[in-house]
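Single-structure report; data block below.
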Amino acid sequence: MHCIKKINDDLFWVGVNDRRLAMFEGVYSVANGVSYNSYLLSDEKTVLFDTVDKAVMQRFFENITFALRGRKLDYLIVQHMEPDHCACLSELIIKFPDVKIICNSKSLALIKQFFDLDFNFEKNAIVVKENDTLNTGKHTLQFIMAPMVHWPEVMVTFDSTDGILFSADAFGTFGALNGALFADEVDFNKDYLDEFRRYYANIAGKYGDQVQSLLQKASALKINMICPLHGFIWRNNFSYIIEKYSLWSCYIPEEKGVMIAYASVYGNTENAAEILSCRLRDLGIKTVMFDVSVTPASFIVASSFRWSHLVFASTTYNAGIFITMEDLINDLVSHNIQNRTVAVIENGSWAAASGSLIREKLENCINIKILDKTLSLKSSLKKEQLPEIEAIANAIAAGFTSNSTSASSHAKDVNTASIDPSVMFKLSYGLFVLTARDEDKDNGCIINTVMQITASPLRIIIAVNKANFTHDMILKTKSFNISVLSETAPFSIFQQFGFSSGKDKDKFKDCGYSDRAANGIRYISGYVNCVISANVVNSYDYGTHTLFTADVTQSFVLSDEKSVTYQYYFEIIKPKPQAQKEVKKGYVCKICGYVHEGELPEGFVCPLCKHGAVDFEPI
Ligand code: FEO
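Have a look at this one:
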């Protein structure tokens, strides 16, 4: 019996879950199963995006037969020739002999390698290259090459009509779908992030540069949905997965902490690893531990992509590294592990060798810092070696206070008494109207942080307070305009865009000075000297604010007037607070002039402009 899911009026998930598979690709255990996603677009022409693994072929054909509702299949797009996605190709051709196969030249060669097909490729194969398009009626499909994400022939497809990216293996997750189809239907962060990471690290982890290249190409697209070949479909929260992919593909640890992997035959190496873990925890450092003979390597590889510091503790075996540890180290080297600090513990009852051999294997990896001293055990850890364990723990801890890169670095141990927040007002800032559009909703707010960070590509960075509705719109739509305010800007513009939320009002109503840029988003056409349109490449969560990096897609000058600075705004534009005769005690917001009577409660935020207590001064 068919089991399909409707994605929208034209698009159906016709994939199949497999919970019987023990080892994906023969090497990755999948206790929670795996989904082989396939999608059927029902336009004036019918289009199938990939097939599925042979093990679930029967259900797959029931699905496409039902989804086609008696129509013929016009096109099969082969995005990836790995057999978990193309195994049903020959049976598909038998069932739909007139189908046209759309693939690139590399896929075509692989099709001929994998199958001995009675198929007229000259007539019925359409070989596409970068940015070729196919019109299927209402929809236009654009083909984008993504070599080595995961195989050399991989391509992804962008449906520019609906903004859907069919992303092949990219953004895939291990695990069957269990009735849900969209990532927002489950607690992804809690229940699936580990498997999302394990899939990435093991399947695409080696190919960071190529993943970066795909991210770069995708950043130019206006994406509303991402449909991968495994796991959930994404229809929002794209910054969440793009941020993960950006970190992983640059081999930047997600978190500061220590992954300890040990190989121990009789428990003595494990004992040393365990004591080190305790000392690290005593120092407030997160640790995770794996017995490499028990936990499959794919989980430890994934964990190594997560944590900033790695410890390998191995007994010596056959004058080498213990078998399962050697496999793990080889696996990590093949997956291109980089940018980590490593500590090594070895054990050897008569000729310890594992430590130097582990070092040798890791030394050629990029930016792997191996702590100088290997802790060398002779059969078991001795009391007099405890200081050596302490020394390793302290050396790791010292790295935590240095500026080693990690996405979750937080300012710790900061002496706030030594910080004068008024110093921030000495920095030069501009003032900008940041605008976004989500479907029919236009909105804008005032920000003060816009900066060019690279010239090629022309890339800027903006910081946006999460309390702003515009912030949420940009997170969702990934596009915005910046209107650079000039010194001619009246206070009313700041009131209009800075002192109220666009959630419940139309900030552009009766605004006689706005127009739309090429991206369809409004910009301010009066009192500004230039406009910049940009597409978000990455977003970084910094608590109260999100930092968006974005590529400039359009920019134009409107006048020669000087850009307004924060200081000019304070001194010239912003009306001075009136003497508050009746107010006995209170504070006034230096940003927008809002007056709060009485003491400022802890954590107070200006209800108008969302600035904190630090921006208030006593009346
Ligand atoms: Fe899901 Fe690379 O195949």
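Add 3 to a position in the sequence shown, counting from 1, and you land on the number used in the working numbering. C-beta: ideal position from N, C-alpha, C; glycine also. Since the model is a prediction, treat every value here as computed from it, not as a measurement.
Between ligand 1 and D21, a heavy atom-to-CB distance of less than 7 Å is absent. T552 is bridged by DSSP to I464, N541. Looking at the backbone, the Cα of F15 and that of I7 are separated by about 7 Å.
Taking all protein chains in view, the Cβ of M454 is surrounded by fewer than 16 other Cβ atoms within 10 Å, so the residue is classified as exposed. Nearest to S108 by C-alpha distance, out of P155, T556, R462, is P155.
Boundaries of the alpha helix (DSSP H) harbouring E277: 271 to 285, taken from the DSSP string. For T473, the uninterrupted alpha helix (DSSP H) segment begins and ends at 472 to 480.
Classified as buried, W237 has 16 or more neighbouring CB atoms from the shown chains inside 10 Å of its CB. Assignment of beta-bridge partners to T568 by DSSP yields G433. The segment 194 to 201 makes no contact with the segment 144 to 159; the number of CB pairs closer than 8 Å stays below 3.
In this structure E257 is not in contact with Y265, their Cβ atoms being roughly 22 Å apart against a cut-off of 8 Å.
Between the segment 518 to 533 and the segment 456 to 471 there are fewer than three inter-stretch CB-CB distances shorter than 8 Å, so the stretches are not counted as touching.
Q499 is positioned such that its CB atom lies no closer than 8 Å to that of K481. In this structure, N484 sits away from T552, with a CB-CB distance that is not shorter than 8 Å.
Non-local beta-carbon contacts of L331 in its own chain, meaning distances under 7 Å to residues more than five positions away in sequence, involve A264, V295, A300, I303 in chain order. The continuous beta strand (DSSP E) containing G589 extends over residues 589 to 592. By the neighbour-count criterion, in which a residue is buried when 16 or more other Cβ atoms sit within 10 angstroms of its Cβ, M4 is exposed. Beyond the five residues adjoining it in sequence on each side, H614 comes within less than 6 Å, by CB distance, of I594 in the same chain, given in chain order. Secondary structure note for E600: its beta strand (DSSP E) is the uninterrupted segment 598 to 600. Rounded to whole angstroms, the separation of the alpha carbons of S38 and F52 is 15 Å. In this structure, I348 lies near A316, with their beta-carbon atoms less than 8 Å apart.
In the structure shown, K364 falls within a helical segment according to DSSP collapsed to helix, strand and coil. According to the DSSP assignment, M158 belongs to the beta strand (DSSP E) that extends over 158 to 162. Counting along the chain, E605 sits inside no alpha helix (DSSP H), nor does DSSP assign it H or E at all. Runs of the beta strand (DSSP E) lying entirely within the segment 283 to 320 and spanning at least 3 residues, in chain order: 290 to 294, 310 to 320. Distance check between F497 and each of K506, N538, N532, P578 places P578 closest, using alpha-carbon atoms only.
Per DSSP, V214 is one residue of the alpha helix (DSSP H) stretching across 211 to 222. Rounded to whole angstroms, the Cβ separation of L365 and I395 is 16 Å, and the two are not in contact under 8 Å. Secondary structure at W16: strand, using DSSP grouped into helix, strand and coil. Secondary structure at C230: strand, using DSSP grouped into helix, strand and coil. Boundaries of the alpha helix (DSSP H) around N333: 326 to 337. No Cβ-Cβ contact shorter than 8 Å links V598 with G606.
Straight-line measurement puts the Cα of G433 at about 6 Å from the Cα of V567.
Non-local C-beta neighbours of F69 in its own chain, meaning closer than 7 Å and more than five positions away in sequence, comprise H5, I7, ordered along the chain.
No residue range can be given for S503, since it is assigned to no alpha helix (DSSP H) and is classified by DSSP as neither H nor E.
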